[in-house]
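In what follows, a single structure is set out as structure tokens and then discussed.
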Amino acid sequence: METIALYILNGLSWGMLLFLISLGLTTVFGVLGVLNFAHGSLFMLGAYFSLQIMRLSNNFWLALVFAPIFVAIVGAIIERFILKRVYRRNVSYQLLITFGILLILDDSVRLIWGPAYHVIDPPQILSGSINVFGRAYPVYRFFLIVVGPILGIFIWAFFSFTRLGKVIRAAAFDREMAAGIGIDVNKLFTLVFGFGTYLAALGGALAAPHQSVGPAMGERVIIESFIVVVIGGLGSYPGAFVGALVLGIVESFGTAFAGPAQMALPYMLLAFVLLVRPRGLFGKEV
Amino acid sequence: MRFKVQSIILALVLLALALAPIILSKYWINILTEVLIMGLFAMAFNLLFGYSGLLSFGQAAPFGIGAYVTALLIQQKFGGFLTVVGIGTFTALLASVVMGFLCVRRDEIFFAMLSLALGMMLYTIVHNWRDVTGGSDGLPVFGIPHLDLFGLSLNVKSYVNLYYLVFVIFLVGAFFIYVIIGSPHGLIMTSIRENKLRFTFSGGSVNNVRLFVFSIAGMISGLCGSLYCIFTRMASPEMLHWSFSAKPVLMTILGGSGTLFGPAVGSLIFFGLEQLITAYTTNWMIFLGAILVPVVLFFPKGVLGTLLDLLQGREK
Amino acid sequence: MNRDFILETQDIHHSFGRFKVLQGVSIKVPYRQVTALIGPNGAGKTTFYNIISGRYKPTKGKVIFEGKEITQMPAHKRIRIGLSRSFQITNIFSSLTVIENIMVPIAIQMGMAYIFYKRLKNCENLYQRAYEVLKLIGLQDKALIPANQLSYGDKRLVEIAIALAINPRLILLDEPTAGMNPEETDRMIGLIKDLAQETEATFLITEHDMKVVFSLAEYMYVLHQGALLAEGLPQEIRENKAVKEAYLGGSLDA
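Protein chains in written order, with this note's numbering: chain A, 11 to 296; chain B, 1332 to 1647; chain C, 438 to 691.
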């Protein structure tokens, strides 16, 4: 019983992180119509920038605030100068371009910080562990479980109640119409892509103390956020939440029960959803 | 006019390739061997991408199956060269039929993701099934059997012999793809890419035709995998990873998806770049990405496609 | 089942979610009768076509073709049994040449879709048959031009030619003159008249252009808000009060 609760907690902590990251991916897809292959690399960049800021300032919170912002700027530049040119093209070319960006980012990280893995400690307040069912459970993971939904609610409120949020939703719904009523769709797209990047990078900054920081971080995340977004439905926010929870918990129990097959679990889940119900739980009809 | 110039260039290139072992060292002949194997692999991928409009991120699956089956057969000393490669290719064909059956009913992004997912599932199975596949270490291959044909016995271990063998197979494969593209089936493939809906309302089953192409492409990929196993003297899980699937994709984009030999040219460029850049740094992926992005943006027809356009333009 | 009618629909209902598009549409089309289906925008004509041609399966009701029920039959199989259609928005194989556009349905019909070992250029019978269709339509001089280089009117001709290529028993024309200028429209009317006489096909046409409808139709159905408002000979329809009202005083005059 206790072990099950622990597995659930593990699933939740990774799941909430995945939720933030996937939210970025699904927002970009919903508004721009682009599935960003490089999203995992931006997550990784967030972790590395966070690492760098902490090396310089020794302050986790500083890193948490500023690292995602810097990465978001990188994202905005990518959108403005590269992505913008392929909106009209075939979806396959969009995937290819973002794949090219993935290659550049992944190797840049290797070039700048080296191929080794780095370990970051969580800040004082969040370090250490609490006694849960007789086991020591890291405080930081509780932090992640809590932070995820809180941010999720903020974002939901932003999209539901603020003017900018509604404008973005309108543009996602009908690009031409939005342009027709005077919304600067170009600037909006750059903003939204920057926002999506921000979320990925925030996920990276939060993940840094949770797992070691290394050049292969992006690879796992991009596949998993793809899976979350497909399960939940492309463009759906509640879908991203449910999908992230499902994947987090499935993986958590998988490490315990599935043995060697655990690596295949995310892909099996992805294949299953794509075959049976490609629009996912909350997505639009395909 | 254009046809003649192209034919002459093609003939010259083939002649150069045929004479290469006389001029080049073992190192470069091996590079060329790899270029040809991967070039054919990319051309098979392009049957799906350029001609049928299907972006597959899972071609490593049949490729890797070809490699592993051949490796296992060689380990068991089961038959000569033709047998081990033939069975490897055939197994890849069967696997493609199954994989294709699942993948072709979805479009674009979903097709790409599904092909990636299925390929990765295979990767994880092979990576973890130590007893059979050697796990993450892969299967080393010792004792490559001779090629016995028409009473002659060719020692495939010699790098020159392997090069010529691969060259011949490349030509045969390229010709096979050429025939397919120029056949009624080729017209049908392209029409699906052009207008899936209208194809359905012309009486055709989109899924069945796609499955057919997918299987052919998978068969050729499996052949390349078998050859690759013999070339590298091993079968390793990396050959099934999605990053390996990305190689034919990159080569096709670089060389151009609109022509028969575009992907092969892309293979040449790919390995050429790798040789050039890794002389200075191990981080050559960044250059690959830095080249890929502008090619997709500004040269959608790839190197060969753009060159052919220039040739045509000059005559006008 | 009655074999006097090439097409029969029985009580077709269709909804998209909660939105009811068709509410009990029943029609009967005799062999070789040029039949028109008209109605104001949003009446449900295209949805009805999509159901007959197999793009949708109706929420309720039956589609009967040549005496056999085909309600659940997949779209591509309907083409094989001789039920063909053209589209309102031009739906052709853009980068293929005109003759290649026609060769696609013919190749499928001749069972050549999987022939990967013969040279296409050597398949003379395929080219021959496609050329015959082009002559019927009047596009034979443009056979080798890529379809995307044609004028809009010629593209609409290719649109119909693809539907005709397999020698269908029933052909659904969805607004064949959509977007055409008066000259092109007259040409199309003449063409359809000729085709109706010269081929064995039965034509079912939907149109917005009343001139086209009244020039061609031998019998008419009027669809309004998803239900049949009226049916009858063109003259009867022209004088029908309810139909005139449905068009909100818009002219029914040809």
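We treat Cβ as the ideally placed atom computed from N, Cα and C, and that holds for glycine.
Quick caveat, the model's predicted, so the values are computed rather than measured.
Handout entry: Best match in A:Pro-125, A:Ala-268, A:Val-238 for proximity to Phe-282 (chain A) [C-alpha to C-alpha]
Key = The count along the first sequence starts at 1 and reaches residue 282 (chain A) at position 272. The residue with the shortest Cα to Cα distance from Phe-282 (chain A) is A:Val-238.
Handout entry: Proximal chain C residues relative to Glu-1525 (chain B), where beta-carbon distance stays under 7 Å
Key = For the purposes of this step, residue 1525 (chain B) is taken as residue 194 along the second sequence, with counting starting at 1. Neighbours of Glu-1525 (chain B) on chain C, chain order: Phe-530, Ser-531, Ser-532, Leu-533.
Problem - Alpha-carbon spacing of Gln-634 (chain C) relative to Gly-1633 (chain B), whole angstroms - result: Here residue 634 (chain C) is taken as the residue at index 197 of the third sequence, counted from 1. Here residue 1633 (chain B) is taken as the residue at index 302 of the second sequence, counted from 1. Going from the Cα of Gln-634 (chain C) to the Cα of Gly-1633 (chain B) covers about 51 Å.
Exercise for the section: With DSSP collapsed to three states, give me the class of Ile-449 (chain C). Expected result: The sequence position of residue 449 (chain C) within the third sequence is 12, counting from 1. Ile-449 (chain C) falls in the strand class under three-state DSSP.
Problem - Local Cβ density within 10 Å of Phe-91 (chain A), reported as buried at 16 or more and exposed below that - result: Position 81 of the first sequence, counting from 1, holds the residue named residue 91 (chain A). Counting Cβ neighbours within 10 Å, Phe-91 (chain A) comes out exposed, since fewer than 16 surround it.
Handout entry: Proximal residues of chain B, C-beta to C-beta of Tyr-338 (chain A) below 7 Å
Key = For chain A, the structure presents residues 11 to 296; residue 338 (chain A) sits outside this window and is missing.
Practice task
Report the option in B:Ala-1548, B:Ile-1456, B:Leu-1604 whose CA atom is closest to the CA atom of His-1572 (chain B).
Solution key: On the second sequence, position 241 is the one that residue 1572 (chain B) refers to. Ranking the options by Cα distance to His-1572 (chain B), first place goes to B:Ile-1456.
Handout entry: Test: Ser-297 (chain A) CB closer than 9 Å to a CB of chain B
Key = Chain A is shown only over 11 to 296; residue 297 (chain A) falls outside these bounds and no answer can be derived.
Practice task
Output, in chain order, the set of chain B residues within a Cβ distance shorter than 7 Å of Gln-546 (chain C).
Solution key: By one-based count along the third sequence, residue 546 (chain C) stands at place 109. Here the neighbours are Gly-1534.
Handout entry: Test item: CB-CB of Leu-607 (chain C) and Leu-641 (chain C) under 9 Å
Key = As a working note, residue 607 (chain C) is residue 170 in the third sequence. As a working note, residue 641 (chain C) is residue 204 in the third sequence. Going by C-beta atoms, Leu-607 (chain C) is nearer than 9 Å to Leu-641 (chain C).
Handout entry: Limits of the alpha helix (DSSP H) - the one that Ile-140 (chain A) falls within
Key = Here residue 140 (chain A) refers to the residue found at position 130 of the first sequence. Looking at the DSSP string, Ile-140 (chain A) is not in any alpha helix (DSSP H); the run it does join, the beta strand (DSSP E), is 139 to 142.
Practice task
Rounded to whole angstroms, what's the CA-CA distance from Val-1344 (chain B) to Thr-484 (chain C)? Just pull it up for me.
Solution key: Against the second sequence, residue 1344 (chain B) aligns to sequence position 13. Against the third sequence, residue 484 (chain C) aligns to sequence position 47. Cα to Cα, the separation comes out at about 56 Å.
Practice task
Indicate whether Ala-580 (chain C) and Ile-536 (chain C) have their beta-carbon atoms separated by less than 9 Å.
Solution key: Locating residue 580 (chain C) in the third sequence gives position 143, counting from the first residue. Locating residue 536 (chain C) in the third sequence gives position 99, counting from the first residue. The answer is yes: Cβ separation under 9 Å.
Exercise for the section: Consult DSSP for Thr-534 (chain C) and reduce its assignment to one of helix, strand or coil. Expected result: In the third sequence, the residue the question calls residue 534 (chain C) occupies position 97. In the structure shown, Thr-534 (chain C) sits in a strand (DSSP, three-state: E or B).
Handout entry: Limits of the unbroken beta strand (DSSP E) element including His-1477 (chain B)
Key = Numbered from its first residue, the second sequence carries residue 1477 (chain B) at position 146. Segment: none, His-1477 (chain B) is in no beta strand (DSSP E) and carries neither H nor E.
Practice task
Measure from the alpha carbon of Leu-27 (chain A) to the alpha carbon of each residue in A:Val-38, A:His-220, A:Ile-193, A:Ile-165, then state which is nearest.
Solution key: Sequence index remark: in the first sequence, residue 27 (chain A) carries index 17 (1-based). Cα-wise, what sits closest to Leu-27 (chain A) is A:His-220.
Exercise for the section: Please confirm if Leu-563 (chain C) has its CB atom under 9 Å from at least one CB of chain B. Expected result: One-based indexing of the third sequence puts residue 563 (chain C) at position 126. Closer than 9 Å: yes.
Exercise for the section: Within the same chain, show all residues whose beta-carbon is closer than 8 Å to that of Ile-87 (chain A), passing over the 5 residues directly before and after it, in chain order. Expected result: What you label residue 87 (chain A) is simply residue 77 of the first sequence in a count that begins at 1. So no residue of the chain qualifies.
Handout entry: Secondary structure of Ile-608 (chain C), DSSP reduced to three states
Key = What you label residue 608 (chain C) is simply residue 171 of the third sequence in a count that begins at 1. If DSSP states are grouped into helix, strand and coil, Ile-608 (chain C) belongs with the strands.
Problem - Residues that Val-1510 (chain B) contacts on chain C, provided the C-beta gap is smaller than 8 Å - result: Locating residue 1510 (chain B) in the second sequence gives position 179, where the first residue counts as 1. Within chain C, the residues near Val-1510 (chain B) are Phe-553, Tyr-554, Arg-556.
Exercise for the section: Find the nearest neighbour of Pro-511 (chain C) within the set C:Tyr-468, C:Glu-561, C:Gly-491, C:Ile-526, judged by alpha-carbon distance. Expected result: As a working mapping, residue 511 (chain C) is identified with position 74 in the third sequence. That would be C:Gly-491, whose Cα lies nearest to the Cα of Pro-511 (chain C).
Practice task
Go through its chain and collect everything with a Cβ distance to Gly-481 (chain C)'s Cβ below 7 Å, but skip five positions before and after it.
Solution key: Position 44 of the third sequence, counted from the start, is the residue given in the question as residue 481 (chain C). So the qualifying residues of the chain are Val-458, Leu-459, Leu-660, Gly-663.
Problem - Residues that DSSP places opposite Phe-388 (chain C) in a beta bridge - result: Nothing can be reported for residue 388 (chain C): it is not among the residues displayed for chain C, which extend from 438 to 691.
Exercise for the section: Examine the Cβ distances between the stretch 22 to 38 of chain A and the stretch 144 to 164 of chain A and report whether three or more of them are shorter than 8 Å. Expected result: yes
Practice task
With 9 Å as the limit, tell me which residues of the stretch 602 to 617 of chain C have their beta carbon closer than that to any beta carbon of chain B; keep them in chain order.
Solution key: Ala-602, Ile-603
Practice task
Buried or exposed for Lys-592 (chain C), please, with buried defined as at least 16 other CB atoms from any protein chain shown within 10 angstroms of its CB.
Solution key: For the purposes of this step, residue 592 (chain C) is taken as the residue at position 155 of the third sequence. The residue is buried, with at least 16 neighbouring Cβ atoms inside 10 Å.
Practice task
Step through the CB atoms of chain B and report whether any lies within less than 9 Å of the CB of Glu-503 (chain C).
Solution key: By 1-based counting over the third sequence, the position of residue 503 (chain C) is 66. No, its Cβ sits nowhere closer than 9 Å to a Cβ of chain B.
Exercise for the section: Could you tell me which of B:Thr-1609, B:Ile-1339, B:Val-1627 sits nearest to Arg-99 (chain A), measuring between CA atoms? Expected result: On the first sequence, position 89 is the one that residue 99 (chain A) refers to. Among B:Thr-1609, B:Ile-1339, B:Val-1627, the Cα nearest to that of Arg-99 (chain A) is on B:Val-1627.
Exercise for the section: Pull up the distance between the alpha-carbon of Val-1544 (chain B) and that of Asn-46 (chain A), whole angstroms please. Expected result: Stepping through the second sequence from its first residue, residue 1544 (chain B) is reached at position 213. Stepping through the first sequence from its first residue, residue 46 (chain A) is reached at position 36. Distance between the alpha carbons of Val-1544 (chain B) and Asn-46 (chain A) is about 28 Å.
Practice task
Select from the stretch 509 to 527 of chain C all residues with a C-beta closer than 7 Å to any C-beta belonging to chain B, and list them in chain order.
Solution key: Ala-512, His-513, Ile-516, Arg-517, Arg-522
Exercise for the section: Using a cut-off of 8 Å between C-beta atoms, extract the partners of Ile-111 (chain A) located in chain B. Expected result: In the first sequence, counting from the first residue as 1, residue 111 (chain A) sits at position 101. Under the 8 Å cutoff, chain B gives Gly-1620, Val-1624.
Problem - Tyr-1454 (chain B) - DSSP class collapsed to helix/strand/coil - result: Working through the second sequence from its first residue, we reach residue 1454 (chain B) at position 123. It is helical.
Practice task
Helix, strand or coil for Glu-506 (chain C), going by three-state DSSP, please let me know.
Solution key: Within the third sequence, residue 506 (chain C) is the residue found at index 69, counting from 1. Strand.
Exercise for the section: Report yes or no: do the stretch 69 to 89 of chain A and the stretch 214 to 232 of chain A share at least 3 C-beta pairs separated by less than 8 Å? Expected result: yes
Exercise for the section: Measure the Cβ-Cβ separation of Ile-449 (chain C) and Val-466 (chain C) and say whether it is below 9 Å. Expected result: Counting from one through the third sequence, the residue named residue 449 (chain C) turns up at place 12. Counting from one through the third sequence, the residue named residue 466 (chain C) turns up at place 29. Against a cut-off of 9 Å, the Cβ pair of Val-466 (chain C) and Ile-449 (chain C) comes out as no contact.
Handout entry: Segment limits, beta strand (DSSP E) that includes His-661 (chain C)
Key = As a working note, residue 661 (chain C) is residue 224 in the third sequence. Per DSSP, His-661 (chain C) belongs to the beta strand (DSSP E) from 656 to 661.
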